[in-house]
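Oh and the sequence shown: position 67 is 66 in numbering that gives the first Met the number 0, straight run, nothing missing.
Note that the Cβ used here is the ideal one computed from N, Cα and C, for glycine as well.
Keep in mind that this is a model prediction, so the values were computed, not measured.
Here is the structure we will look at, set down as structure tokens.
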Amino acid sequence: MDRKDVEVMTCCCKGNEDDNVKHKQRDEQEKKALMTRLSRIEGQVRGIRAMVEDDRYCVDILTQVSAIQAALNGFNKELLARHIKTCVSEDIREGNEEAVDELCELLKKLMK
Numbered sequence: 000m001d002r003k004d005v006e007v008m009t010c011c012c013k014g015n016e017d018d019n020v021k022h023k024q025r026d027e028q029e030k031k032a033l034m035t036r037l038s039r040i041e042g043q044v045r046g047i048r049a050m051v052e053d054d055r056y057c058v059d060i061l062t063q064v065s066a067i068q069a070a071l072n073g074f075n076k077e078l079l080a081r082h083i084k085t086c087v088s089e090d091i092r093e094g095n096e097e098a099v100d101e102l103c104e105l106l107k108k109l110m111k
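Shown next, in the form of structure tokens:
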């Protein structure tokens, strides 16, 4: 499916009936901040790949893996906070109690 064929909604809790996928329109500042974090993480992963190719010491590689995990946790925290402040709060205001159940299930996944 082409990206231009996807209907973009203001809240991620709403979706296109045809594709059964939820979407959230983000402002440019939010999108840029998220993409910057992801680019940094992507660079860290490439760095680990190079370390493995260069036969670097296990402890050094594992230290970098730990840094990536921390960066992903930071990304998750930021995205989760934005999700709660926008999608979840909007759904609750509209009387959609399923949003709370969805949030609880998400938190279970994130806390594994």
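Check	Outcome
C-alpha distance - Lys44 paired with Val64, whole-angstrom precision	Per the sequence presented here, residue 44 reads as Val, with Lys not at that position. Looking at the two C-alpha atoms, the distance is approximately 8 Å.
DSSP state of Lys84 mapped onto helix, strand, coil	helix
Whole-angstrom distance between Gly94 and Met34, CA atom to CA atom	32 Å
With 16 other Cβ atoms within 10 Å as the buried cut-off, status of Asp54	exposed
Beta-carbon spacing of Ala70, Arg39 below 9 Å	yes
DSSP three-state assignment for Lys21, whether helix, strand or coil	strand
Buried versus exposed call for Ala98 [16 or more other C-beta atoms within 10 Å across all chains shown]	buried
Arg55 in three-state terms, based on DSSP	coil
Rounded Cβ spacing between Cys86 and Lys23 (contact assumed at less than 8 Å)	7 Å
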